[in-house]
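Colleague:
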Amino acid sequence: MSLEKLKRIDENRLEVPKDYKEGMRTNGIIYVDSILEKELESGSIEQVANVATLPGIVGASMAMPDVHTGYGFPIGGVAAFDLKEGIISPGGVGYDINCGVRLLRSNLKKSFVLLRIKELIDVLYNNIPSGVGSKGKIRLGPDDEEKVLLKGARWAVDKGFGDASDLERIESGGCMDGADPSIISSKAYERGRAQQGTLGSGNHFLEVQYVDEIYDEKTANALGLFKDHITVMIHTGSRGFGHQVCTDFLEVMSRAVRKYGIVLPDRELACAPFNSSEAKDYFASMKAAANYAWANRQCLMHWTREVFMSVFKIPPSELGLTLIYDVAHNIAKIEEHIVNGQKKKLVVHRKGSTRAFPPGHPELPAVYKNLGQPVLIPGDMGRASFVLIGTEKAMKETFGSTCHGAGRVMSRHQAIRQAKGRAIWREMEDMGIIVRAAGRETLAEEMSEAYKDISNVVDVVHNAGISKKVAKLKPIGVIKG
Amino acid sequence: MSVVSFNMTFEVLDISGDIGIKASGKTCEEAFVNAGMGMYSLITDIGKIKDEKRMEIEVKADSPESLLVRYLNELIFQFDAYGFIGRGIKILDLRLMISNLKTEISNQQSSIKLKVFGEEFDSDRHEQGLLVKAATYHNIKIEKRNDECIIEVIFDI
Numbered sequence: 008m009s010l011e012k013l014k015r016i017d018e019n020r021l022e023v024p025k026d027y028k029e030g031m032r033t034n035g036i037i038y039v040d041s042i043l044e045k046e047l048e049s050g051s052i053e054q055v056a057n058v059a060t061l062p063g064i065v066g067a068s069m070a071m072p073d074v075h076t077g078y079g080f081p082i083g084g085v086a087a088f089d090l091k092e093g094i095i096s097p098g099g100v101g102y103d104i105n106c107g108v109r110l111l112r113s114n115l116k117k118s119f120v121l122l123r124i125k126e127l128i129d130v131l132y133n134n135i136p137s138g139v140g141s142k143g144k145i146r147l148g149p150d151d152e153e154k155v156l157l158k159g160a161r162w163a164v165d166k167g168f169g170d171a172s173d174l175e176r177i178e179s180g181g182c183m184d185g186a187d188p189s190i191i192s193s194k195a196y197e198r199g200r201a202q203q204g205t206l207g208s209g210n211h212f213l214e215v216q217y218v219d220e221i222y223d224e225k226t227a228n229a230l231g232l233f234k235d236h237i238t239v240m241i242h243t244g245s246r247g248f249g250h251q252v253c254t255d256f257l258e259v260m261s262r263a264v265r266k267y268g269i270v271l272p273d274r275e276l277a278c279a280p281f282n283s284s285e286a287k288d289y290f291a292s293m294k295a296a297a298n299y300a301w302a303n304r305q306c307l308m309h310w311t312r313e314v315f316m317s318v319f320k321i322p323p324s325e326l327g328l329t330l331i332y333d334v335a336h337n338i339a340k341i342e343e344h345i346v347n348g349q350k351k352k353l354v355v356h357r358k359g360s361t362r363a364f365p366p367g368h369p370e371l372p373a374v375y376k377n378l379g380q381p382v383l384i385p386g387d388m389g390r391a392s393f394v395l396i397g398t399e400k401a402m403k404e405t406f407g408s409t410c411h412g413a414g415r416v417m418s419r420h421q422a423i424r425q426a427k428g429r430a431i432w433r434e435m436e437d438m439g440i441i442v443r444a445a446g447r448e449t450l451a452e453e454m455s456e457a458y459k460d461i462s463n464v465v466d467v468v469h470n471a472g473i474s475k476k477v478a479k480l481k482p483i484g485v486i487k488g
Numbered sequence: 119m120s121v122v123s124f125n126m127t128f129e130v131l132d133i134s135g136d137i138g139i140k141a142s143g144k145t146c147e148e149a150f151v152n153a154g155m156g157m158y159s160l161i162t163d164i165g166k167i168k169d170e171k172r173m174e175i176e177v178k179a180d181s182p183e184s185l186l187v188r189y190l191n192e193l194i195f196q197f198d199a200y201g202f203i204g205r206g207i208k209i210l211d212l213r214l215m216i217s218n219l220k221t222e223i224s225n226q227q228s229s230i231k232l233k234v235f236g237e238e239f240d241s242d243r244h245e246q247g248l249l250v251k252a253a254t255y256h257n258i259k260i261e262k263r264n265d266e267c268i269i270e271v272i273f274d275i
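Chains as they are written, first to last, in the working numbering: chain B, 8 to 488; chain G, 119 to 275.
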């Protein structure tokens with residue numbers, strides 16, 4: 008029913024017109040082609056329209072091709088707000104603040120690593136804390152936890168986890184300025200104490216992959232990606248710490264909605280005017296959680312390097328296991344964009360969306376200034392993941408944003424039912440992928456069929472020009488929580 | 119004190135991405151117990167949890183829905199921060215008031231007091247199920263009919 012009201016703009020975009028729903032201040036734009044349009048949920052369309060009703064929204068309420076229904080904002084959603092008239096919303100960031108991805112490249116060839124892949128995955132599984140109720144190797148005292156919140160990945164480097172040279176290859180240098188540890192609830196501190204340096208569960212993973220296909224050789228080589236070379240991808244976020252921050256602030260914001268008289272079509276859109284004290288507190292806490300997540304991925308990367316060195320007995324220089332980039336895909340940021348020909352500062356919400364800045368953008372580190380920002384898109388554990396590069400078109404159309412992953416097509420229970428009687432680990436092993444998971448049903452829930460085909464998602468953003476394909480990576484070993 | 123036995127009545131709600139619980143009971147007390155136990159059973163096989171430790175929890179909120187979310191988030195917090203998981207829940211006191219948006223916004227009218235019986239989770243002994251991160255307001259429902267109370271709640275996984 009709701010699909011009929013949408014208008015196709017071009018091959019890759021659908022419009023949710025402003026008259027789709029009462030109260031919309033702007034239109035919605037959903038990046039899907041005719042293939043992914045079939046998988047579009049009516050709930051997602053409704054949520055794109057709901058976001059368009061929020062005060063101070065600038066440009067369209069957008070959704071990337073991996074869109075699916077979330078809480079309040081859709082997952083795959085991008086929305087920018089005016090700093091004076093607009094709002095900030097925890098629902099536009101998500102529970103897992105700074106859930107994100109980092110990618111390492113190496114000098115190792117696939118054929119060499121395959122000889123010892125089982126041993127490698129076993130040792131990684133034993134050294135990367137993962138799964139429900141698992142305990143990390145790090146215990147943060149109150150002082151240390153505050154430093155994590157203030158310094159992010161730099162805290163980890165100061166502690167000896169990785170090198171200072173890693174920092175410039177992390178979005179925002181691995182640390183957002185303006186985090187305020189004094190606002191954080193004691194509950195968030197308590198949840199965060201033992202979870203630094205842990206992978207978590209669900210769709211989070213650590214994958215050993217190889218470069219399967221290269222689409223843009225010049226860019227790939229500049230990033231250190233060569234065909235059949237090994238890469239490592241780490242997908243996780245701010246763990247219980249970030250969740251508690253989100254939980255705490257959903258309550259603060261639901262009070263703020265009444266206080267400031269904001270009319271909402273869905274209570275999970277709870278928000279506050281960006282210049283209010285509630286918004287300032289949330290933003291400063293969100294930054295603390297984002298920093299917690301960057302420190303987390305930095306620690307996990309450090310242990311991954313140690314495992315590679317111990318398993319292959321190769322010195323770091325020969326291994327060349329270096330960071331390509333680290334992106335956040337659940338975050339809100341103040342950024343400068345051109346709106347109606349004028350430079351304007353906006354608060355851009357990306358919930359299940361990746362920044363995709365073009366070459367020359369002032370926020371890019373020197374190493375990528377001429378190349379553009381690497382975009383890292385994780386797929387499901389059986390198919391592939393992708394590296395793309397940011398474009399000028401993304402700046403014009405999507406506030407410099409693109410997709411973030413595959414997106415589910417099957418619920419967890421549907422997946423478990425379909426996997427009944429099957430040994431998913433053996434099916435994966437037959438495909439040449441060694442998997443280890445802590446959870447009783449993680450592999451069933453996370454099997455390939457439960458997800459959209461990542462290739463379709465990436466094709467839409469590539470064809471739409473909001474980021475360009477560089478390389479395809481295929482897994483040979485996966486660790487899940 | 120012995121562990122309270124009860125009829126666990128809940129079913130899993132299927133939604134893409136996350137998971138929900140539909141819990142019911144003759145009274146709202148029973149439905150609240152079943153919602154909590156239903157959530158625990160997503161995390162692990164609660165049959166293997168021992169009754170070694172008790173914890174008293176008290177939560178207040180300005181609406182029944184908000185009380186339900188806060189109560190479940192408190193159980194999640196105790197598990198995520200300290201590994202404490204229950205095999206049984208006993209409600210000591212439950213007050214559900216219908217919220218009135220026109221009244222004072224900080225007026226906390228609904229409240230729950232409960233005792234959880236359980237132990238500290240040990241991944242060597244206990245099955246690892248879903249990592250439940252938060253209870254949400256998404257499609258949340260508390261319905262009181264004549265002789266039945268039905269709760270629906272969706273969790274962020």
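For every residue, glycine included, the Cβ atom is placed at its ideal position computed from N, Cα and C.
Values in this document were obtained by computation on a predicted structure and should not be read as measured data.
(1) Would you grab the beta carbon distance between leucine 90 of chain B and leucine 353 of chain B for me? Rounded to a whole angstrom, and I think it's under 8 Å.
(2) With 16 other CB atoms within 10 Å as the buried threshold, where does glutamate 452 of chain B fall?
(3) Report yes or no: is there a C-beta of chain B within less than 7 Å of the C-beta of threonine 254 of chain G?
(4) Here's a check: name, in chain order, each residue in its chain whose Cβ is nearer than 6 Å to the Cβ of lysine 231 of chain G, leaving out the five neighbours to either side.
(5) Name the two residues that bound the continuous beta strand (DSSP E) containing arginine 109 of chain B.
(6) Along chain G, in chain order, which residues have C-beta atoms closer than 8 Å to that of cysteine 253 of chain B?
(7) Can glycine 407 of chain B and isoleucine 441 of chain B be called in contact, C-beta distance under 7 Å?
(8) Does the Cβ of methionine 69 of chain B have 16 or more other Cβ atoms within 10 Å, making it buried, or fewer, making it exposed?
(9) Would you list the one or two residues that DSSP bridges to asparagine 337 of chain B?
(10) Bridge partners of valine 346 of chain B, per DSSP?
(11) Between the segment 71-103 of chain B and chain G, which residues of the former have CB atoms less than 9 Å from a CB of the latter, in chain order?
(12) 7 Å is my cut-off, CB to CB: does glycine 568 of chain B come that close to chain G?
(13) If you measure from the beta carbon of phenylalanine 195 of chain G to each beta carbon in chain B, is any gap under 7 Å?
(14) What is the DSSP secondary structure of aspartate 437 of chain B, reduced to helix, strand or coil?
(15) If I follow the unbroken alpha helix (DSSP H) through arginine 312 of chain B, where does it start and stop?
(16) Buried or exposed, going by whether 16 or more other CB atoms sit within 10 Å of the CB of alanine 300 of chain B?
(17) Count the other CB atoms, across all protein chains shown, that sit within 10 Å of the CB of methionine 438 of chain B; report buried if there are 16 or more and exposed otherwise.
(18) Could you check whether the segment 48-57 of chain B touches the segment 67-86 of chain B, counting it as contact only if at least three pairs of C-beta atoms, one from each stretch, sit closer than 8 Å?
(19) Use the C-beta contact count for glycine 107 of chain B: other C-beta atoms within 10 angstroms, 16 or more gives buried, fewer gives exposed.
(20) Report the residues of the segment 178-209 of chain G with a CB closer than 7 Å to any CB of chain B, ordered along the chain.
(21) Which first and last residues belong to the alpha helix (DSSP H) in which alanine 401 of chain B is found?
(22) Do glycine 247 of chain B and aspartate 198 of chain G have their C-beta atoms closer together than 7 Å?
(23) Kindly list the residues whose CB is nearer than 7 Å to the CB of arginine 32 of chain B, restricted to its own chain and excluding five residues on each side of it in sequence; keep chain order.
(24) Under the three-state reduction of DSSP, which class applies to cysteine 410 of chain B: helix, strand or coil?
(25) Taking 6 Å as the limit between beta carbons, can you name the residues of its chain near leucine 219 of chain G, skipping five residues before and five after?
(26) For lysine 25 of chain B, which of B/Asn34, B/Met308, B/Gly138 and B/Asp17 has the nearest alpha-carbon?
(27) Given that a residue counts as buried once 16 or more other Cβ atoms are within 10 Å of its Cβ, and exposed if not, what is aspartate 240 of chain G?
(28) If we define contact as Cβ-Cβ less than 7 Å, is glycine 156 of chain G a contact residue for chain B?
(29) Could you name the residues of chain G that glutamine 421 of chain B contacts, counting a contact when the two beta carbons are closer than 9 Å?
(30) Does the distance from the CB of glycine 327 of chain B to the CB of asparagine 470 of chain B come in under 7 Å?
(31) Can you check whether the C-beta of lysine 194 of chain B is within less than 7 Å of a C-beta belonging to chain G?
(32) Measuring only the C-alpha atoms, how far is isoleucine 223 of chain G from leucine 214 of chain G?
(33) Under a three-way DSSP split, which group does threonine 254 of chain B fall into?
(34) If you measure between the beta carbons of alanine 297 of chain B and isoleucine 237 of chain B, is that distance less than 7 Å?
(35) Report buried or exposed for glutamate 11 of chain B, applying the criterion of at least 16 other Cβ atoms within 10 angstroms of its Cβ.
(36) Indicate whether at least one CB of chain B lies closer than 7 Å to the CB of glutamine 227 of chain G.
Modeller: Working from what's here:
(1) 7 Å
(2) buried
(3) yes
(4) Glu176, Leu210 and Asp211
(5) 107-116
(6) Ala252
(7) no
(8) buried
(9) B/Lys358
(10) B/Gln349
(11) His75, Thr76, Gly77, Tyr78, Gly79, Ile82, Gly101, Tyr102 and Asp103
(12) As displayed, chain B neither begins before 8 nor continues past 488, which places residue 568 of chain B out of reach and without an answer.
(13) yes
(14) helix
(15) 284-319
(16) buried
(17) exposed
(18) yes
(19) buried
(20) Asn191, Phe195, Asp198, Ala199 and Gly201
(21) 399-404
(22) yes
(23) Ala59, Thr60 and Ile64
(24) coil
(25) Bear in mind that the predicted position of leucine 219 of chain G carries a pLDDT of just 46, short of 50, making it unreliable; the figure below should be weighed with that in mind. So the list is empty, once near-sequence residues are dropped.
(26) B/Asn34
(27) exposed
(28) no
(29) Asp132 and Ser134
(30) no
(31) yes
(32) Because the pLDDT of isoleucine 223 of chain G is 46, which lies under 50, any placement of that residue in the model is unreliable, and the number read from its coordinates should be weighed accordingly. When rounded, the distance between both Cα atoms is 17 Å.
(33) helix
(34) no
(35) exposed
(36) no
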